[in-house]
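Q:
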Amino acid sequence: MSQLEIMTNENDELVFLKGGRQLTSRILESKAARRVKECALICTELDDSIYWLKELKELVTHNTISLNDKTDESEKFARDTRAYFTSACVTYFKFFTHGFGMSVKVDANKIYDKSQLEIHNSVEELRHKLIAHIDVSEDFTHELYAIEDPEKEFKPSIVPFFSRTNHFFDEKLDSFIELVEFLKDYFHSQYEGAGKSLMKETFGK
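Quick note on the working numbering: the sequence shown kicks off at 3 and runs consecutively.
#1: Helix or strand or just coil, what does DSSP make of Y114?
#2: Can we say the stretch 39–54 touches the stretch 79–94, given the rule of at least three CB pairs closer than 8 Å?
#3: Can you look up F179 in the DSSP assignment and give me helix, strand or coil?
#4: Leaving out five residues before and five after L61 in sequence, what residues of the same chain have Cβ atoms less than 8 Å from its Cβ?
#5: Which residue's Cα is closest to the Cα of H130: L119, D49, T88 and I149?
#6: Grab the span of the beta strand (DSSP E) containing T10 for me, first residue to last.
#7: Using only alpha-carbon positions, find the residue among I29, K72, T10 and D115 that is nearest to Y188.
#8: Note down the Cα distance separating E203 from F18, rounded to an integer number of angstroms.
#9: Excluding the 5 residues flanking E146 on each side, which residues of the same chain have their C-beta closer than 8 Å to its C-beta?
#10: Looking at L200: is its Cβ nearer than 7 Å to the Cβ of I121?
#11: Smallest Cα separation from F2: which of H144, A110, G195 and K157?
#12: Taking the C-alpha atoms as reference points, what is the distance between T46 and H190?
#13: Helix, strand or coil: how does DSSP classify V106 here?
#14: What is the rounded straight-line gap between the Cα of F156 and the Cα of N65?
Right, dumping it as structure tokens:
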């Protein structure tokens with residue numbers, strides 16, 4: 003069976019090809035179409051979150067770097083883990099905090115059971131600590147040290163030191179991945195159901 007190809011023409015317009023032939027197309031803008039479009043968007047975005055979380059799991063699972071010392075290697079590891087976690091969190095939580103631009107309202111209390119809601123709230127709290135705030139806490143500390151050599155061989159210096167607690171070495175990461183996968187499956191089901199209705203509305207079959 004021929005695969006649908008999506009390309010752009012010389013006018014930067016999308017064209018759809020199948021079996022070597024260009025198909026006719028039009029943009030759907032009905033209320034039903036908007037719901038299908040938004041469910042598809044959420045699924046795509048959640049796929050990104052799942053990818054970043056699995057990359058994070060791969061990184062921490064195979065880590066052999068000592069995190070007790072401040073080295074270039076440990077700093078790179080810390081930056082990479084924060085980058086993956088931040089990307090996944092920002093993408094995941096934006097569907098729970100969006101304004102009036104989306105018609106699909108994501109309410110964790112209506113979608114998740116008690117245990118899933120606990121995971122959601124726990125990760126949200128961690129997100130606030132690691133992403134939204136820079137206050138000194140048990141999760142993030144920063145100090146400034148005056149360094150002097152008692153034997154006066156080396157010049158004195160002032161050195162900043164930052165410490166972040168690593169939260170990615172327990173079952174919380176696996177639970178978060180499962181939660182995002184559940185949400186993606188939920189909206190994929192919504193997409194398929196709404197899509198069938200939209201097919202009938204659009205093509206009469």
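Ideal Cβ placement from N, Cα and C applies to all residues, glycine included.
Fair warning: this is a prediction, and the values are worked out from it, not measured in the lab.
A: According to the structure data:
#1: In the three-state reduction of the DSSP assignment, Y114 falls in the coil class.
#2: Yes, the stretch 39–54 is in contact with the stretch 79–94.
#3: A small fix is needed here, since residue 179 is Ile in this sequence, not Phe. Assigned with DSSP and collapsed to three states, I179 falls in helix.
#4: F79, D82, T83 and Y86
#5: T88
#6: E7 to T10
#7: Nearest to Y188 by C-alpha distance, out of I29, K72, T10 and D115, is D115.
#8: The alpha-carbon atoms of E203 and F18 are separated by roughly 21 Å.
#9: Residue 146 is actually Leu in this sequence, not Glu. Cβ within range, chain order: I160, V161, P162 and F163.
#10: no
#11: No answer is possible for residue 2: it lies beyond the span of the chain, which begins at 3 and ends at 207.
#12: 10 Å
#13: coil
#14: 35 Å
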